[in-house]
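Asks: Chains as they are written, first to last, in our numbering: chain A, 1 to 101; chain B, 102 to 616; chain C, 617 to 1244; chain D, 1245 to 1745.
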Amino acid sequence: MEITLTHYLVLSSVLFAIGLIGVMRRKNLLMLFFATEILLNATNIAFAAISHYIGDLSGQMFAFFIIAIAASEVAIGLGLLIVWYKRTGKIDLDQMNSMRG
Amino acid sequence: MLDHILSILIFFPALAAMLGFVVTKDSMRAYGIAVAFVEFVLSLWLWYAYDPMISGMQFMESAPLIKSFGISYLLGIDGISLFIIILSTFFTLLGIASLTETRHVKNLIITLLFLEMTMVGVFAALDAIVFYVFWELSLVPMLYIIGAWGGALRIYASVKFFLYTFTGSLVMLVGMLFMAYFYYQATGQWSFSILEWYRLILPENFQLWLFAAFFIGFAIKVPMFPFHTWLPYAHGQAPTIGSVILAAILLKMGTYAFIRFSLPLFPDASVYFMFPIAIIAIIMIIYTAMVAYAQEDIKQVVAYSSISHMGIIILGTFALTVEGVSGSVFLMIGHGVVSGALFLLVGVIYDRRHTKLMSEFGGLASVMPRYATIFGIMMMASVGLPLTINFVGEFLSLLGFYKQSHMITLTAGTAIIVGAIYMLSAYKKAFFGPVTNEENRNLKDVNRTEMLGLIPLVIVAIWLGVYPKPVLEPINNSVESVIQLMHDKAQSQEAKARIPNLSDVSGMNSMQEAH
Amino acid sequence: MELYLYIALFAPLVGSLFSALFGASAKTSLTGYVASGLLFTSFISSVLLLNYVLGGHTVHVEMMTWMATGNLYIPFGFVVDQVSVVMMMVVTIVSTVVHVYSIGYMDHDKGFNRFFSWLSAFVFSMMVLVMSDNFAGLFIGWEGVGLCSWGLIGFWYHKESATWAANEAFIMNRIADLGMLIGIFMLYWNVGSLQYDVVFAEIGNLPVVITTWIGIFLFIGAMGKSAQFPLHTWLADAMEGPTPVSALIHAATMVTAGVYLVVRANPIYDLIPNVGIFIASLGAFVALFAASMALVNRDMKRIIAYSTLSQLGYMFVAAGLGAYWVALFHLMAHAFFKALLFLGAGNVMHAMHDELDPFKMGGLRKVMKGTFVMMTLASVALAGIYPFAGFFSKDLILEVGFVEHHYVIYTVLLLTAGLTAFYSFRLVALIFHGEERYKLFGIHPHEAYKFMLVAMSPLLVLAIIAGSFKMTYFQLVMNLLPATQYHVHNQTIFWIMTIGTQLFVIGAILFAYKKYSNWNSVPDGTSKMEKSFGYKLLWNQYYIPKFYEEVFSRPYLELSKVAWKEIDLKIVDATVDMIANAIYKTGENTRDIQNGNLSTMLRWMVFGLVVLLALAVAFTVGYNAVGA
Amino acid sequence: MLDSIHISMASLNIATLAPMLIATVGALVILMIDLLKGGLNKSLYIMVSLLFLLLDLGSLVDFGGVFLKNGTVLGFFDVMLMDGIAIMAQIIIVVGSMLFIPLALTSKRFHEYNYPEYFALFLFMIAGFQFMVATDNLILIFVGLETASLALYTLIALHNRSKSFEAAVKYFTMGALAAGFFAFGSMIFYAISGSVEINQIATVLAQDHYSNIGYVLVAVSFMIAAFGFKLSMVPFHTWTPDVYEGSSAALAGYMSIVPKIAGFVVAMRLFEFLVHSGVVWLQVILYIGVVVTMTASNIWALVQSDVKRMLAYSSISHAGFVMAAILIGTTQSNTGLFLYWTLFSFTNLGAFTMLWVNRQKNLLPGQSSDHPYEKFSGMVKTMPMGAVMMGLFMLSLAGVPPFGLFWGKLYMIGAAVSGGYTVLALIMALNSAIAGYYYLKLIVYMFMKEPMVGYEKFYFMNASHSLKTIIGIAVVGTIFSVLAVNPLLVVITQFVYNSGY
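1. Determine whether the beta carbon atoms of VAL345(B) and LEU278(B) lie at a separation below 8 Å.
2. Could you check which residue in ALA1401(D), SER1406(D), LEU1654(D), ARG1405(D) has the C-alpha nearest to that of GLY1415(D)?
3. Is there a Cβ of chain C sitting closer than 8 Å to that of ASP92(A), yes or no?
4. Out of curiosity, what's the CA-to-CA distance linking LEU1384(D) and LEU110(B)?
5. Contact defined as beta carbons within less than 8 Å: I believe ILE45(A) pairs with SER12(A). What is the distance between those atoms, to the nearest angstrom?
6. Would a C-beta distance cut-off of 8 Å place THR872(C) and LEU947(C) closer than the cut-off?
7. When burial is assigned at 16 or more other CB atoms within 10 Å of the CB, is ASP94(A) buried or exposed?
8. What does the alpha-carbon distance come out to for the pair PRO377(B) and ILE415(B)?
9. Can you list, in chain order, the residues of its chain whose CB lies under 6 Å from that of MET909(C), leaving out five sequence neighbours each side?
10. Would you say the beta carbon of VAL1233(C) is closer than 7 Å to some non-hydrogen atom of the ligand HEM?
11. Near PHE1363(D), what residues of its chain come up, given a Cβ to Cβ distance below 6 Å and the 5 sequence neighbours on each side ignored?
12. Applying the criterion that 16 or more other CB atoms from any shown protein chain within 10 Å of the CB defines a buried residue, is HIS1105(C) buried or exposed?
13. If you draw a straight line from the C-alpha of PHE664(B) to the C-alpha of ILE387(B), how long is it?
14. So, does the CB of ASN541(B) fall closer than 8 Å to a CB anywhere in chain C?
15. Run through DSSP, which three-state label would SER1439(D) get?
16. So, under 8 Å CB-CB, SER604(B) and GLN585(B) are touching, yes? Tell me the CB distance rounded to an integer number of Å.
17. Would you mind giving the Cβ-Cβ distance between LEU615(C) and TYR885(C), rounded to the nearest angstrom? I have them listed as a contact below 8 Å.
18. Give me, in chain order, the residues of the same chain whose beta-carbon lies closer than 7 Å to that of ILE172(B); leave out the 5 immediate sequence neighbours on both sides.
19. Roughly how many whole angstroms lie between the Cα atoms of GLY425(B) and VAL1524(D)?
20. Is there a C-beta anywhere in chain A that falls below 8 Å from the one on GLY1212(C)?
21. Any C-beta of chain A sitting closer than 8 Å to the C-beta of LEU1218(C)?
22. Grouping DSSP H, G and I as helix and E and B as strand, with all else coil, what is LYS670(C)?
23. Using a cut-off of 7 Å between C-beta atoms, extract the partners of ILE76(A) located in chain D.
24. Please list, in chain order, the chain C residues whose beta carbon lies closer than 7 Å to that of VAL1462(D).
25. Looking at VAL699(C) and ARG1253(C), is the spacing between their C-beta atoms short of 8 Å?
26. So with Cβ pairs under 8 Å, would you call TYR394(B) a contact of chain C?
27. In whole angstroms, what separates the C-alpha of VAL669(C) from that of PRO153(B)?
28. Using a Cβ-Cβ cut-off of less than 9 Å, list which residues of the segment 1431 to 1464 of chain D approach chain A; keep chain order.
29. Give the single residue among SER1073(C), ILE836(C), MET977(C), MET990(C) whose Cα lies nearest to the Cα of VAL1138(C).
30. Mind pulling the alpha helix (DSSP H) runs of 4 or more residues that sit fully within the segment 808 to 881 of chain C?
31. Among residues of its own chain, excluding the 5 on either side of LYS545(B), which ones have a beta-carbon nearer than 8 Å to its beta-carbon?
32. Under the three-state reduction of DSSP, which class applies to PHE692(C): helix, strand or coil?
33. Please determine if the segment 293 to 308 of chain B and the segment 1677 to 1691 of chain D are in contact, where contact requires at least 3 C-beta pairs separated by less than 8 Å.
34. Can you tell me which of the three DSSP states ASN97(A) falls into?
35. Grouping DSSP H, G and I as helix and E and B as strand, with all else coil, what is MET1068(C)?
36. Check the DSSP bridge columns for MET1324(D) and list the partner residues they point to.
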């Protein structure tokens, strides 16, 4: 079976969906960040595949930028997480609702 | 100076109010009186300089404000607005002069002076947006006056007043924008000048929608049934000065706007909606008169009576005849004087007894004879006795509408009956009978300060009832041009027939045909 | 002559304003003198004007513009012509007398100054009413007298009944005024002017339907002021006012304004005889109706008031049948003797310390000789005995009815004439004859001040001799009114009628005397007659006031309360608040969407995306389906 | 495999990068100063930032002049797009930032201003926003967006309160999700058009006659979700109130203005060609989105008990109001968008600065948030001028003429009317009326209630000259806006029209 663009895109979509479900279900902040990483990387697969199939480099460029940004996001996110953990001793989402309404 | 007298009239009080922040508390009253007096004299000068024979706009001023959107600072007055402006300055002066409020007088007077600016501004503006600016701005000082110096429910009352009118005005604003857009489509230029808009002849279905949009804004302000319920609260809670200005001037903005906008801009729609509005006017007249009759609080009686009288003004306006419209403009002034005076009078007794319930009074006529006399005169003026100011307006308004419909006029004419019922019974409850409440036995009669406010009103109420000509003539001339404009612009057969053609020499013929 | 016109008109106003200056201060006799003096001046001017008019001239002035807008032009215009001058004379004579009389009558009243202010103001309004040269001016006076009537009925404002009666009178008059206003509107829109001369010149050109309606509406106005059925109840209640007021306003002048209006507008009513018949029929009905109520009443002033009402009915019969000059003549004669009657009653009241029940009096002729004579003569005049004034005017109306072939009306009026004589002399007999029942109540009556009696004497003289002016008067008014002479041409019938009527009336008088001159007890509601249905019906004024109370006044108040508490507060206002509350409640109920939980927030985002995607898919499917 | 690419410096047109570079350099300078000598006072950094922002503004004004003469300038492989709206948006961004930065000069000491990094991050963020608006390349938009956002998360967190961290985490997490949406949406556009440049995507789609309408809509859905988050459209708005509450009032005010205008510009670039191409679906969705956002957030604002949260919801509502411009999509409406936002920035900045001025260091006992309504009770008696100014801002926000925002509303509703969206115009107007209620609530507290005893000392606690100056500027801008409207309109119309919107 030849692997076509469609396969990549389906894979990407499935990964994206997994990421979305993770975002919705996870109560642990760290796992939540993982889920967002899955989201972004799902996109990366698709970008790379499309870029290859239509012979245009900008898709790959986009993927690179996404990787870079994902990295910095993780940096910031983990920083926030650590501070939060230091202050509260928890990384549970449900504990985080001092502001509401 | 005459070239810019309207601007001076508008901004002088505002400027004086700003400077008023510097004036010390105990001199504030004198300062306020001085400013209001100067303003009043200026407005009288305006009258002196006004040429009653010219029916169009006078003292026009114009400066582009937002040129690319067609908004300009356009001012001018005709006979219709002239007297309401004078009324505004007059009442501000009287209000400040007879002020009995003692809490935060400085803030109050500053607020009043700002309010004066907006009032004069509304009536002098000839650009819809400038009009709207002052119209909306007038809510703010009033909100503050009711909310800060009012009774127990003041916050509810003031917020209700503000939001209700604000909502209505926003719908009106959409209407104005539509109007400007039509103008843009017709001429390729934006303009919010009312005088420019007068030249537009709109298709009838557009007229109907626009009329409705404007109507909501105006009707809430007037206030017309069923949009009137903010008024009793506002009056009930407002301090005396607030009620006086509200009843005397602010309500007139609505009826004035009908004449300035609705009639000349939408002649066909005006004819189309004439009967529905007349029905509303009748409901206002009879229904609110009944509600007034049921009241226990004398201020509420006067408040509801205002609505009832506004019904006659509306009826006169939509008579679309010179007689009716002139009458309604005159009644605006008359009602301003009379209801303003009545609210002042209620304030007099409230200051003494801190209650407005009629059951608390009774027999005041023997304790406070001067007070009872002045109240009696004003009550009779309110009831519309001939030779008082209200009669002229009511007579002409009803007379004017009679041409359009006999039955409606007959029904609306019950105003003179139901009006007498609630007014006389209120007067009877408060002033007649034996003095039953010991607290009333030693009440002081009206003092000099209060007289200062009341006597001029009595004089005006009778003077203009006996000799309305100086006021009625300029009004008439301006109204004639409005009616003629409407006739010329009217498209539908019915509108042509209903709105008299004044340039037609054989005016009597068209009158016969209408029957 | 214009000067006299202005003096006649404005002298009362000056008097009123002068008295008003002292309105709130203690009694000063000065106000009474000044007001009376000015009234006398006004009277003199009227006499001079009468003299001038008798010379065949009229005075017409336009003082200034009142209202002018559109085509409407209403000036303050005044006219002294043959009709108005008659009214002016009546008004000024009676009011001068009443003013002087009041100085004595109100001597001890705290509101002396106020009284004169109101009284003179009334005269001014009345003068405006009669002298105006247009309908709007007439309306000014019309409402003005209404106002003064309100102030004077409710003069003793601490009395509940007085203020109630004042308001009733005002409001009931207002109902009628609306009719009049509509009539004026119709005139304006059909004729284009409200000036009498223009209107009367043009009125013939209008379609009869319109003229009819104009006539009807104007007459509705007249019905209120002249207290015709069904707007009559206020007049009896108006007796709460001081007696001079009753004499001036509710007998001689104001209540006759309605008659004056019909007489004044005779060119209109001439065109619409059907309305005239209605007016005449109503007048005849009221004459009988009011007289019947007077038969049993036990309130001296109310009896006279019903008698007034009855006589107004007579006048309307004449006016309705086109005999305007007869109506006006009876108006004039009636004014004199009725005012006299009232003033006499005032004396009696004073003597009896405001007691009004004639059954509690009796035998007063011994202490009040002057009053006794005057009231008796006035009653004779009222009964229409030759050669008193009433004979010339009232019998003439009977003749009019006969000549115009309205025999029913004639019969009714004849019957009423008998009733009139009966109740008048029932009153006289009860007050002045028989036992001195007042002693039971410990009252010590005394005669009124002498000057009061002197003041009344001109009325007495006029009540006696007014009939002799008939021809002069006829000559005068025929310039303006249809100059029809009403004579029964058959001499035999004429004599039979005249003598028959006289005998009938005298019989009624004798019957009254016989029945009441020896009355010796105060009825307490137990006698057989008092329990009969007819008596109760009359005693309760045919239950009409009660009917009004139950059907109009109370439901109106109840309805008003419903309108306020149920409709205005609970529906109209509640709707507004409900909209506001609904918006606010929506916020309260949905703010938990923002529950502060990050998971929920993320889910909302995903939810939003899913909805968008779903809509996108749905749209695409739909789009392709339509496209294909 | 690839040809060598010859690039002429002229075609590179490095100058187009100048504004962003100035901001970036400014940030680096601040960091370097700190490296050379630590522990310097915040006022230094503030002034340095201000200086660089001034330079930035200068360069933008220069671009403005060039644009009016020569039209749109492209640069850097045509990635940079300096058209009218880009220039205008950047001017708003920079001016807004310049008004914000002096707010750090408070009289109380706050944790975050002790770090020079704060100011460096701030300038980076500005550069990010500038990149975002000055391009139509989705990659660069993404990079700019993320640069700015990441910096912003940090700035929020630096406030160093429990609530600020919570806010930062919430904002960050949702932002990451939104970034995912954006990336996925771009991917689909890329898949169907083979390009990541908006104008080329538009061209390809138009040539294609939107045959792939389904995919386009899916892509647009993702984009709406991503920008819905940025512009806080309901239901992607949930972060807004919490983040505003958690961050300092000054920063909240900043967030209500500057990031949004960047978002609007991108949304304009992205959605308007679709609206004009007759994608009915998008029109409907935008219509619903605009109406729901305006109305729902207004209704929620009604029930708030904290002024800052109320202002947060009100900002959402204003954003929804302005989104209508993109739906209407006429030159007038886009002009209205910029006009509205300019006027809004003055007023809203003033309002948030007033809150900032009234900020006390720690919560008072019994207080659950920084700015409950009760705190403002009877302010007119203790602080008349302050109350009048705050009242003024509230009236302006409510759209009471003649104050600032009224003219914006007027023009926007006018645009709706002339764009044929009558019902929308009415809804916009009525929403202003609902909004009137909660603005009025604050006025009621300030002017009609009695002051709470013991609170006086907290009024103006944080005030300093620079804060007062900013408020003064905001007041002047709000009151005399009527004079500025015409020139603004003339300029904005020119910029917008010549950019092809």
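From the three backbone atoms N, C-alpha and C, an ideal C-beta is built for every residue, glycine too.
Replies: Here's the rundown:
1. Indexing the second sequence from 1 puts residue 345(B) at position 244. Indexing the second sequence from 1 puts residue 278(B) at position 177. Contact: no.
2. Residue mapping note: residue 1415(D) aligns to position 171 of the fourth sequence, counting from 1. The sequence given here has Tyr at residue 1415(D), not Gly. The residue with the shortest Cα to Cα distance from TYR1415(D) is ALA1401(D).
3. Here residue 92(A) refers to the residue found at position 92 of the first sequence. Output row for ASP92(A): interface = no.
4. Start at 1 with the first residue of the fourth sequence, and residue 1384(D) comes out as number 140. Start at 1 with the first residue of the second sequence, and residue 110(B) comes out as number 9. One C-alpha to the other measures close to 57 Å.
5. Here residue 45(A) refers to the residue found at position 45 of the first sequence. Here residue 12(A) refers to the residue found at position 12 of the first sequence. The Cβ separation is near 5 Å, so the contact holds.
6. Residue 872(C) sits at position 256 when you count from the first residue of the third sequence. Residue 947(C) sits at position 331 when you count from the first residue of the third sequence. The answer is yes: Cβ separation under 8 Å.
7. Numbered from 1 along the first sequence, position 94 holds the residue referred to as residue 94(A). By the 10 Å Cβ count, ASP94(A) comes out exposed.
8. Your numbering for residue 377(B) matches position 276 in the second sequence. Your numbering for residue 415(B) matches position 314 in the second sequence. Those two C-alpha atoms are separated by around 12 Å.
9. Translated into the one-based positions of the third sequence, residue 909(C) becomes position 293. Cβ within range, chain order: TYR922, LEU1154, GLN1157.
10. Among the ligands in the structure shown, none appear at all, so the ligand HEM cannot be discussed.
11. Taking the first residue of the fourth sequence as position 1, residue 1363(D) is located at position 119. Contacts found: ILE1274, TYR1289, SER1293.
12. Residue mapping note: residue 1105(C) aligns to position 489 of the third sequence, counting from 1. It counts as exposed.
13. It is not possible to answer for residue 664(B), since the shown part of chain B is limited to 102 through 616.
14. The residue labelled residue 541(B) in the question sits at position 440 within the second sequence. Output row for ASN541(B): interface = no.
15. Sequence index remark: in the fourth sequence, residue 1439(D) carries index 195 (1-based). Looking at SER1439(D) - three-state DSSP - the assignment turns out to be coil, as it is neither helix nor strand.
16. In the second sequence, residue 604(B) corresponds to position 503, counting from 1. In the second sequence, residue 585(B) corresponds to position 484, counting from 1. Sure, about 6 Å apart at Cβ, within 8 Å.
17. Chain C is shown from 617 up to 1244; residue 615(C) falls before or after that span and cannot be answered.
18. What you label residue 172(B) is simply residue 71 of the second sequence in a count that begins at 1. Counting only Cβ-Cβ distances below 7 Å, and skipping sequence neighbours, we find LEU166, ASP228, ILE230, PHE293.
19. Taking the first residue of the second sequence as 1, we reach residue 425(B) at position 324. Taking the first residue of the fourth sequence as 1, we reach residue 1524(D) at position 280. Spanning the two alpha carbons is a distance of roughly 52 Å.
20. One-based indexing of the third sequence puts residue 1212(C) at position 596. Output row for GLY1212(C): interface = yes.
21. Looking up residue 1218(C) in the third sequence gives position 602. Output row for LEU1218(C): interface = yes.
22. To locate residue 670(C), count along the third sequence from 1; it is residue 54. Before going further, note that residue 670(C) is Leu rather than Lys in the sequence given. Here LEU670(C) sits in helix by DSSP.
23. Taking the first residue of the first sequence as position 1, residue 76(A) is located at position 76. Correct list: LEU1394, TYR1397, THR1398, PHE1416.
24. Counted from its first residue, the fourth sequence places residue 1462(D) at position 218. The contacting residues are LEU1229, ALA1232.
25. A question about residue 1253(C) goes unanswered here, because the residues of chain C that appear run from 617 up to 1244.
26. Numbered from 1 along the second sequence, position 293 holds the residue referred to as residue 394(B). Yes, TYR394(B) lies at the interface with chain C (some Cβ there is under 8 Å from its Cβ).
27. The count along the third sequence starts at 1 and reaches residue 669(C) at position 53. The count along the second sequence starts at 1 and reaches residue 153(B) at position 52. Their backbone Cα atoms lie some 41 Å apart in a straight line.
28. MET1431, ILE1432, TYR1434, ALA1435, GLY1438, SER1439, VAL1440, GLU1441
29. Along the third sequence, one-based indexing puts residue 1138(C) at 522. Per the Cα distances, MET977(C).
30. 812 to 818, 824 to 841, 849 to 853, 859 to 863, 873 to 880
31. Residue 545(B) sits at position 444 when you count from the first residue of the second sequence. Once the five neighbours on either side are set aside, the close Cβ partners of LYS545(B) are ARG453, MET469.
32. Translated into the one-based positions of the third sequence, residue 692(C) becomes position 76. PHE692(C): strand per DSSP, three-state reduction.
33. no
34. By 1-based counting over the first sequence, the position of residue 97(A) is 97. Three-state result, ASN97(A): coil.
35. Within the third sequence, residue 1068(C) is the residue found at index 452, counting from 1. Three-state result, MET1068(C): helix.
36. Here residue 1324(D) corresponds to residue number 80 of the fourth sequence, with the count starting at 1. For MET1324(D), which the question treats as bridged, DSSP gives the partners GLY1319(D), THR1379(D).
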